[in-house]
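Undergrad: Residue numbers for the sequence shown follow this note's numbering, beginning at 263 and rising by one.
No residue lacks a Cβ here, since even glycine has one placed at the ideal position from N, Cα and C.
Predicted model only: the values in this text are computed from it and were never measured.
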Amino acid sequence: MLGAIIGDIVGSRFEFGPAPEKDFELFTDECSYTDDTICTVAIADAILSGRSYKDALLDWCHRYPAPMGGYGNMFYDWLHEDNPQPKDSFGNGSAMRVSPVGWLFSDWEEVIAEAKKTAEISHNHEEGIKGAQCVAEVICWLRHMRFTKPDVERKVEKFYGYELLSMRDIRKIGAQNHFDATCQETVPMALRCFMDANSFEETIRLAVLCDGDTDTKACIAGSVAEAYYEIPEWMAEKAFSYLPDDILEVLSRFYDRIQSDINK
263 MLGAIIGDIV GSRFEFGPAP EKDFELFTDE CSYTDDTICT VAIADAILSG
313 RSYKDALLDW CHRYPAPMGG YGNMFYDWLH EDNPQPKDSF GNGSAMRVSP
363 VGWLFSDWEE VIAEAKKTAE ISHNHEEGIK GAQCVAEVIC WLRHMRFTKP
413 DVERKVEKFY GYELLSMRDI RKIGAQNHFD ATCQETVPMA LRCFMDANSF
463 EETIRLAVLC DGDTDTKACI AGSVAEAYYE IPEWMAEKAF SYLPDDILEV
513 LSRFYDRIQS DINK
């Protein structure tokens, strides 16, 4: 979960601008958490508190109505309906918020089912659901089943039909000032960044260098990388400094739960 938040914060200042140089500074005063963090925290809070995903999302997003970059147009409309209904969306919002599911549930069938639930309340298009399920299941594979990277890539292609383009091809797309916020583009790109990286930090850097929807690509890539690599302590501490107390409280409960589950 913290991996997703770090990716969001680092990528936030590049979302609508040109790609940075490779050795860019990760954390600056221009960085902030965005809707990616708020929605991720909402999903974690729902699981930890035993309330519905819909209620938690509405609570947290109304609590933070104007994060850096705002909310996607369709999701914003969903938030402000009297009785919010699914939007048949395949935007990457379903995939960027799902990471707590891959950590807080250990049975892969349960992970798939819960990921679907987190998505379909607002993103009930099959691609929106698939994106969320893929990210959650990859985290589960890495966290609970100790899959290797080649194992993950083969299974992603087999079960989800995603082609993981090379970083060279991804950068060609980015060079065209191409901004695509769909699951079917964002999720494979984020996974490729994880596949090609040799550390958590490198995963985040590669995701930001993809250009386009940088905070969400880095959020998804970071959520997966956390299940495989250790997050450097300095990166964790720096990320904490951007977060308000109520988000830090959910993070604390989340990691207390994971530690408890490990000890069992």
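What does the alpha-carbon distance come out to for the pair Leu288 and Asp413?
TA: Rounded to the nearest angstrom, the two C-alpha atoms are 30 Å apart.
Undergrad: Based on Cα-Cα distance, which residue from Trp322, Val272 and Met330 lies nearest to His342?
TA: Of the candidates Trp322, Val272 and Met330, the one whose C-alpha sits nearest the C-alpha of His342 is Trp322.
Undergrad: Give every residue of the same chain whose Cβ lies closer than 7 Å to the Cβ of Lys392, excluding the five residues on either side of it in the sequence, and list them in chain order.
TA: Once the five neighbours on either side are set aside, the close Cβ partners of Lys392 are Tyr422 and Cys445.
Undergrad: Distance, Cα to Cα, Leu468 vs Lys434?
TA: Answer to the nearest angstrom: the Cα atoms are 14 Å apart.
Undergrad: Grab the span of the alpha helix (DSSP H) containing His406 for me, first residue to last.
TA: Where His406 is concerned, the enclosing alpha helix (DSSP H) stretches over Glu388 to His406.
Undergrad: Are there 16 or more other CB atoms within 10 angstroms of the CB of Leu471, so buried, or fewer, so exposed?
TA: Per the 10 Å Cβ criterion, buried.
Undergrad: Let's test the definition: count the other Cβ atoms within 10 Å of the Cβ of Ala304 and tell me whether it reaches 16, buried, or not, exposed.
TA: Ala304 is buried by the Cβ-count criterion.
Undergrad: Could you give the first and the last residue of the continuous alpha helix (DSSP H) run that contains Pro312?
TA: Residue identity check: residue 312 is Gly in the sequence provided, not Pro. Unbroken run through Gly312: none, as it is neither H nor E.
Undergrad: Using the C-alpha atoms, what's the distance from Pro348 back to Ile466?
TA: Using only the alpha carbons, I get a separation of about 31 Å.
Undergrad: By Cβ distance below 8 Å, which residues in the same chain neighbour Glu371 in space, the five residues on each side in sequence not counted?
TA: Taken in chain order, the list of residues that qualify is empty.
Undergrad: In terms of residues, what are the limits of the alpha helix (DSSP H) holding Pro362?
TA: Where Pro362 is concerned, the enclosing alpha helix (DSSP H) stretches over Ser361 to Leu366.
Undergrad: Quick check on Lys284: buried or exposed, where buried means 16 or more other Cβ atoms within 10 Å of its Cβ?
TA: It counts as exposed.
Undergrad: Say whether the region 263-276 touches the region 486-495, bearing in mind that this needs 3 or more beta-carbon pairs closer than 8 Å, one atom from each stretch.
TA: Yes, the region 263-276 is in contact with the region 486-495.
Undergrad: Measuring only the C-alpha atoms, how far is Pro506 from His387?
TA: For Pro506 and His387, the distance between alpha carbons rounds to 33 Å.
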